[in-house]
Amino acid sequence: MSVSAGAVADRTVAGLSGQSIIREIEASQIDFVVSVPDITTSEGLLRPLAARSSPRLIRVCKEDEGVGICAGLAYTGKRALLLIQQTGMLDSINAIRGVAVEYSLPVCMMVGLLEKEVGVPPRQSKRYGVRIVEPILEAMGIAYREIEEEADVGKIRPAIDDAYAQSKPVVMLIGRRPA
Amino acid sequence: MMRRDLCLKAIARHVTDADIVLPVYSTAFDWLDIRPHPLNYLSHGAMGLASSHALGLALGRPDKRVIVLDGDGSLLMNIGTLVTAAEAAPKNFFHFVCENGSYEANGGHPIPGRGQVSFAGLARSAGYQSVHEFADLKIFEQKVGAILAEPGPVFVDLKIESSGPQERDYSRLHGPHVRQAFRDALAKG
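What follows is the structure, given as structure tokens:
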């Protein structure tokens, strides 16, 4: 399905700051960001993260690799954030099931929602690939937070801290392109 | 062609109490009989991911050698891991692949490309620092100690055949007690 230029522009309007998210990632003591590029977070988040030396960026070929890497890091006491797109998360369901859920490991995922309409809750999206995300996470028993407005950025650190405190996975759904 | 258990015994002679070892599937059951140790990391959660867990461990604990004993079917399922590991380039990362050309734990069916694909070639082109290939046990026994002293990432393809029938009690790999024992051992040093 084609996306109009207006709709693309709408998803890039200010309302979520990449720098604010990065500050929260730093405050959450994330040592490694593990990523496959995601169009929602590409410019506002991944590119500035890639320009920094800390947290260290590990580029992976496929998202399920990242689940394994984050699990290995968790055993060493290092914190990691898996920065991906929901398409990659869906592709990695079995790894998330086996590693993060069944082994109860703190795999923290920041997931850009490709083609989500700004201001529309994910489960009310016209896009099938967006609408199914939260029900799937609920079926898997995985906690998630919606991050779409600047006011939502404050959810990031508690979500990551809780994941590590309880040794459970968490997903932060990024609903618009951070500026 | 080398018997897998004999290859593993050769590796085990050079593994220290400080090393982390991640064996997969049929290799894991052989390895557990040869070298039971709390720093065996056995719970990989999904086929193919052992090398990714290993990369996370190697990045998080650069003071320790991390040795993954992969399978050829497992590696094919996560082939991008070669590129990722080569780029991340941890010096303490040792990636062995037991190549028997089959999904031994899932009925012995052949892998795609059996006898055609060069795992060493794939690792070399992915950018591994050092790549080796062995089909002769005596030569492997002579070389393995030195290989484990090389700076990583190191890749070793072992042309193997099965060690014979196994009792596969998967709770030895996936039980929560296994992960807790590993966690406790790693925390101690």
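Top to bottom, those sequences are chains A and B.
Under my numbering, residues 1 to 179 are what the first sequence spells out, in order.
Under my numbering, residues 1001 to 1189 are what the second sequence spells out, in order.
The C-beta atom is built at its ideal place from N, Cα and C for all residues, glycine as well.
Beta-carbon spacing of residue i, residue j below 8 Å
i: residue 1026 (chain B); j: residue 68 (chain A); result: no
i: residue 1156 (chain B); j: residue 1010 (chain B); result: no
i: residue 1072 (chain B); j: residue 1119 (chain B); result: yes
i: residue 139 (chain A); j: residue 107 (chain A); result: no
i: residue 126 (chain A); j: residue 134 (chain A); result: no
i: residue 173 (chain A); j: residue 145 (chain A); result: yes
i: residue 1069 (chain B); j: residue 1131 (chain B); result: no
i: residue 1083 (chain B); j: residue 1126 (chain B); result: yes
i: residue 1095 (chain B); j: residue 1085 (chain B); result: yes
i: residue 99 (chain A); j: residue 1046 (chain B); result: yes
i: residue 35 (chain A); j: residue 179 (chain A); result: no
Whole-angstrom C-beta distance between residue j and residue i, which should lie under 8 Å
i: residue 76 (chain A); j: residue 1183 (chain B); result: With 8 Å as the limit, residue 76 (chain A) and residue 1183 (chain B) do not qualify as a contact, their Cβ atoms being about 10 Å apart.
i: residue 142 (chain A); j: residue 111 (chain A); result: The pair is not a contact, with the Cβ atoms about 11 Å apart (cut-off 8 Å).
i: residue 1087 (chain B); j: residue 59 (chain A); result: 7 Å
i: residue 1023 (chain B); j: residue 1055 (chain B); result: Rounded, the Cβ-Cβ distance is 16 Å, inconsistent with contact.
i: residue 1098 (chain B); j: residue 1004 (chain B); result: 6 Å
i: residue 1110 (chain B); j: residue 1101 (chain B); result: 6 Å
i: residue 43 (chain A); j: residue 177 (chain A); result: 7 Å
i: residue 169 (chain A); j: residue 109 (chain A); result: 7 Å
i: residue 73 (chain A); j: residue 32 (chain A); result: 6 Å
i: residue 1048 (chain B); j: residue 1077 (chain B); result: 3 Å
i: residue 1012 (chain B); j: residue 1034 (chain B); result: 5 Å
Extent of the continuous alpha helix (DSSP H) to which residue i belongs
i: residue 65 (chain A); result: 63 to 76
i: residue 81 (chain A); result: Taken as a continuous stretch (DSSP letters only), residue 81 (chain A) belongs to no alpha helix (DSSP H), being part of the beta strand (DSSP E) at 80 to 85.
i: residue 1167 (chain B); result: Premise fails: residue 1167 (chain B) is in no alpha helix (DSSP H) and is neither H nor E.
i: residue 1053 (chain B); result: 1050 to 1060
i: residue 1178 (chain B); result: 1176 to 1188
i: residue 140 (chain A); result: 133 to 140
Beta-carbon proximity list for residue i, same chain, < 8 Å, skipping 5 on both sides
i: residue 1019 (chain B); result: 1039, 1064, 1065, 1066 and 1067
i: residue 1002 (chain B); result: 1134, 1135, 1136, 1137, 1140, 1158, 1159, 1160 and 1161
i: residue 94 (chain A); result: 64
i: residue 27 (chain A); result: 157
i: residue 1108 (chain B); result: 1102
Beta-carbon proximity list for residue i, same chain, < 7 Å, skipping 5 on both sides
i: residue 1173 (chain B); result: 1028, 1042 and 1043
i: residue 20 (chain A); result: 150 and 153
i: residue 137 (chain A); result: 144 and 171
i: residue 97 (chain A); result: 140
i: residue 1016 (chain B); result: none
i: residue 1153 (chain B); result: 1085, 1086, 1089, 1090, 1093, 1095, 1128 and 1129
i: residue 57 (chain A); result: 33, 35, 49 and 50
i: residue 120 (chain A); result: none
i: residue 164 (chain A); result: 79 and 106
Min CB distance residue i to chain D below 8 Å
i: residue 1069 (chain B); result: Looking at the structure shown, chain D is missing, and the protein chains on hand are A and B.
Same chain, Cβ closer than 6 Å to residue i, five either side skipped, listed in chain order
i: residue 8 (chain A); result: With a pLDDT of 45 at residue 8 (chain A), under the threshold of 50, the modelled position of this residue cannot be trusted; read the value that follows with caution. Correct list: empty, nothing qualifies.
i: residue 1175 (chain B); result: none
i: residue 30 (chain A); result: 55, 79 and 81
i: residue 130 (chain A); result: 113, 116 and 122
i: residue 1177 (chain B); result: none
Per DSSP, cross-strand counterpart(s) of residue i
i: residue 1070 (chain B); result: B:1097
i: residue 35 (chain A); result: A:59 and A:83
i: residue 1003 (chain B); result: B:1161
i: residue 1103 (chain B); result: B:1109
i: residue 1021 (chain B); result: B:1040 and B:1067
i: residue 89 (chain A); result: Per DSSP, none; premise fails for residue 89 (chain A).
i: residue 1133 (chain B); result: B:1157
Residue i, enclosing beta strand (DSSP E) - first and last residue
i: residue 97 (chain A); result: No beta strand (DSSP E) contains residue 97 (chain A), which DSSP labels as neither H nor E.
i: residue 144 (chain A); result: 143 to 147
i: residue 173 (chain A); result: 170 to 174
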